[in-house]
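Inspection log for the structure reproduced underneath, given as structure tokens.
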Amino acid sequence: MSNDPLLQPYQLKHLRLRNRIMITSHEPAYSENGMPTKRYRAYHVERAKAGVALTMTAGSAAVSLDSPPVFDNLLVYKDEIVPWMKDLTDECHEHGTAVMIQLTHLGRRTRWDKGEWLPAVSPSHHREPSHKAFPKKIEDWDIDRIIKDYTDAAERMYAAGLDGIELQAYGHLMDQFWSPLTNTLEGPYGGDLDNRLRFTFDLLKSIRQRVGNEFIVGLRYTGDEMLPGGLNADDGLSISQRLKDSGMVDFLNVVRGHIDTDAGLTDVIPIQGMRNSPHLDFAGEIRSATDFPVFHAAKIPDVATARYAIASGKVDMVGMTRAHMTDPHIVRKIIAGKEDSIRPCVGANYCLDRIYQGGAAFCIHNAATGRELSMPHEIQKAQQRKKIVIVGAGPGGLEAARVAAERGHEVVVFEAASDAGGQILLTSQSPRRHEMISIIDWRMQQCEAMGVSFHFNTYAEADTVLAEDPDEVIIATGGLPDTEVLNSGNELVVSTWDIISRSVKPGTNVLLYDDAGDHAALQAAEVIANSGARVEIMTPDRSFAPEVMAMNLVPYMRTLQQKEVTFTVTYRLHSVTRDGNDLVATVGSDYDDGSRDFSQSRRIDQVVINHGTLPLDDLYFDLKPHSVNLGEVNYSDLIAGSPQTLEKNSEGKFRLYRIGDAVSARNTHAAIYDALRLVKDL
1 MSNDPLLQPY QLKHLRLRNR IMITSHEPAY SENGMPTKRY RAYHVERAKA GVALTMTAGS
61 AAVSLDSPPV FDNLLVYKDE IVPWMKDLTD ECHEHGTAVM IQLTHLGRRT RWDKGEWLPA
121 VSPSHHREPS HKAFPKKIED WDIDRIIKDY TDAAERMYAA GLDGIELQAY GHLMDQFWSP
181 LTNTLEGPYG GDLDNRLRFT FDLLKSIRQR VGNEFIVGLR YTGDEMLPGG LNADDGLSIS
241 QRLKDSGMVD FLNVVRGHID TDAGLTDVIP IQGMRNSPHL DFAGEIRSAT DFPVFHAAKI
301 PDVATARYAI ASGKVDMVGM TRAHMTDPHI VRKIIAGKED SIRPCVGANY CLDRIYQGGA
361 AFCIHNAATG RELSMPHEIQ KAQQRKKIVI VGAGPGGLEA ARVAAERGHE VVVFEAASDA
421 GGQILLTSQS PRRHEMISII DWRMQQCEAM GVSFHFNTYA EADTVLAEDP DEVIIATGGL
481 PDTEVLNSGN ELVVSTWDII SRSVKPGTNV LLYDDAGDHA ALQAAEVIAN SGARVEIMTP
541 DRSFAPEVMA MNLVPYMRTL QQKEVTFTVT YRLHSVTRDG NDLVATVGSD YDDGSRDFSQ
601 SRRIDQVVIN HGTLPLDDLY FDLKPHSVNL GEVNYSDLIA GSPQTLEKNS EGKFRLYRIG
661 DAVSARNTHA AIYDALRLVK DL
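FYI, the numbering for the sequence shown is 1 to 682, going by the UniProt record's numbering.
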């Protein structure tokens, strides 16, 4: 048996877990009508096949009708979920993985205009800043009803054959009872800590009466809200000890912080640019004080940190949840001694930020996650070896090269720059996003190990490509900033790329016009603000930086709000003129209906434009007449996972495709997905 601490089994009550790595409860939003159907099941089974000891489904599965999910969570208040959960559990069990589920009532952490349009409910009328619903103050009959709902849900999961359940107690109804900030009740459920915990223990007692003492029950809870007047670390230790002493709880899953604001949520679940494992020591303090099984997860992205968490005795089971979204085969690779081949989580948080905007969770650089039914995590060999030429070594080009090499093809890559990376080389210039470079480093490592031939400092032209006599050509040349967006004065502006790359020095009084809403604008704003300049970030949109999304926005705002930065929404930059050493910007609004003059002017010394990119597609169009398919892609075959067979030109010498920003301005995930779903069938 291996001496690796991560590979040691762990006995939790009657349940033997085969190693110390788990996937904590999370909601990837892959369900259909609240049910964990084939797509949801395939996601968890993929990770079970690779050896994870425990997978926890359904972050925040809803137990009650008045706990409507704000994104696509599971609905455990419906009997119809039982066979779906049984199928998922049985298949994971076949591969040796235990299965649990997280049950919750959201309390005030939802909206009244979701689901059945019932009022949100909480132990006070205090509104949660994130979801903005003013809740009904809970009544005695609500408490009785919700306890029964929890108990019924637990029984459903017991009937489905799960190994256990986890009750959610941070930011949700349960710890809304706990916290003096959100509990203004009097009498048996409000007042001192004993009363505020009464709901939890009444609920646990009801569940145990229904499912018995063998079924595993744990809590995921905050041991310290880190808010003035809220639960502090001493309270958390007292709660932990009481949960243990109750005899009704089998494990503690400890977090620290609060999630009622975007900033608070991001501190609980840190993203790139923030410290790894910030709450691990705190979880270790709880374990040491209680001598009770403790689980923990919060930005533990790499095997070394996970191994330390177990070896040091800080926790009994370590969660690597986002890491498993990036690479579902972590455990298998540890066992095989191939840790270096693990696809690294870069903390981009594309996964979580998407679900909070109502989308499905996707990893920024593993396009197969969440698409297990159609996209492979392991690439199959092609029946016939081909020569594939790829132009461009950004994320899309490198993914195309990696997948083609895995297929067994001969792969040649041309790159005009001296290094691989494309736009990621640019974005990783910012310390906040430096981890993004691992997207490139991992692919280069994989490609070099498989013998991909790279030609750097080579500006490929049509003759360059034709001389290779390729079977397939993929153009992944990306794009360049589009700054031609004004009615006049385009020659007077610079791009966000100019600022981020430091090829242009920031001015002292800068207008940054953001018409794309992505990271480039905020990265440039940080560079400018950190130079000591005054910055106005202007957007014609009604919301600020929508493509950056909520949790990624938090670190930017913490920096920019400390500088001389202002934020202006719903105004559009029309033109720029020069006046001596200054620039004069004319600003208007899309809301101008002609009844009054919305136009304004700004006197500044620099205008920076963020308006996406235009494709670098000259080579594509030069090669198009020489191709069999004339560059055309059969979208139906692409989506169905069938090979491209279009023949439009009998004189053609190869098939030609383009991907990523060489087609249109999108993002890293889109470029990688373009590459994977095209090349997996070449």
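C-beta: ideal position from N, C-alpha, C; glycine also. In this text, all values refer to a predicted model and were calculated from it rather than measured experimentally.
Take Asn629, set aside five residues on each side of it, and the residues of its chain with a beta-carbon closer than 6 angstroms to its own are Leu646, Lys648 and Arg655, in chain order. Around the beta carbon of Ser428, 16 or more other beta carbons sit within 10 angstroms, so the residue counts as buried. Judged by DSSP in its simplified three-state form, Val294 adopts strand. Cβ neighbours of Glu128 within its own chain (closer than 7 angstroms, five residues either side excluded): Arg108, Arg109 and Asp260.
Under the three-state reduction of DSSP, Leu486 is assigned to coil, being neither helix nor strand.
When C-beta atoms of the region 256-273 are compared with those of the region 216-233, three or more pairs fall below 8 angstroms, so the two segments count as touching. Straight across, the Cα-Cα distance linking Pro376 with Val576 is about 50 angstroms. Cα atoms of Ile537 and Val565: separation of roughly 7 angstroms, rounded to the nearest angstrom. Under DSSP, the beta-bridge partners assigned to Gln11 are Arg16. Between the C-alpha atoms of Val608 and Val494 there is a straight-line separation of about 5 angstroms. The residue among Glu399, Gly532 and Arg407 with its C-alpha nearest the C-alpha of Lys387 is Arg407. DSSP places Val82 in the uninterrupted alpha helix (DSSP H) bounded by Ile81 to Glu94.
Remark: C-beta atoms of Leu522 and Arg602 do not approach each other more closely than 7 angstroms.
In this structure Lys624 is buried. Its beta-carbon is surrounded by 16 or more other beta-carbon atoms within 10 angstroms. The alpha helix (DSSP H) runs of length 4 or more contained entirely in the region 277-330 are, from start to end of the chain, 280-290, 303-311 and 321-326. Between the alpha carbons of Glu461 and Tyr30 lies a distance of about 43 angstroms. When the alpha-carbon of Gly421 is set against those of Gly396, Arg572 and Asp681, the nearest one is in Gly396. A direct Cα-Cα distance of roughly 8 angstroms separates Ile81 from Pro36. Assigned with DSSP and collapsed to three states, Pro481 falls in strand. By the 16-neighbour rule on beta-carbons within 10 angstroms, Ala545 is buried. Rounded to the nearest whole angstrom, the C-alpha separation of Ser206 and Gly212 is 10 angstroms. Between Asn183 and Pro119, the beta carbon gap of about 18 angstroms keeps them out of contact (Cβ cut-off 8 angstroms).
When only Cα atoms are considered, Ala467 and Lys653 end up about 11 angstroms apart. Restricting attention to alpha helix (DSSP H) runs no shorter than 4 residues, the region 133-198 encloses them at 140-159 and 173-178, ordered along the chain. Residue pairing from DSSP leaves His409 without any beta-bridge partner. Inter-segment contact for the region 11-25 and the region 345-358 is absent: fewer than three beta-carbon pairs are separated by less than 8 angstroms.
Counting C-beta pairs closer than 8 angstroms gives fewer than three between the region 430-443 and the region 469-478, which falls short of the contact rule.
For His574, the secondary structure class from DSSP, reduced to helix, strand or coil, is strand.
One thing to note: Phe201 has its Cβ no nearer than 7 angstroms to the Cβ of Phe177. For Gln380, the closest alpha carbon among the candidates Asn667, Val52 and Lys680 is that of Lys680.
Its chain contains Asp515, Thr570, Tyr571, Arg572 and Asp590 as the residues whose beta carbon lies nearer than 7 angstroms to that of Pro540, once the 5 sequence neighbours on both sides are disregarded; these appear in chain order.
CA-CA distance, Phe414 to Gly394, rounds to 11 angstroms.
Considered as a whole, the region 444-522 harbours 462-466 and 496-500 as its complete alpha helix (DSSP H) runs of no fewer than 4 residues, in chain order. Taking a cut-off of 8 angstroms for Cβ pairs, the region 56-71 and the region 322-331 do not touch, as fewer than three such pairs fall below it. The region 353-441 contains, as complete beta strand (DSSP E) runs of 3+ residues, the segments 387-391 and 410-414 (chain order). Shortest Cα-Cα distance from Arg658 to any of Thr568, Asp152 and Pro615 involves Pro615.
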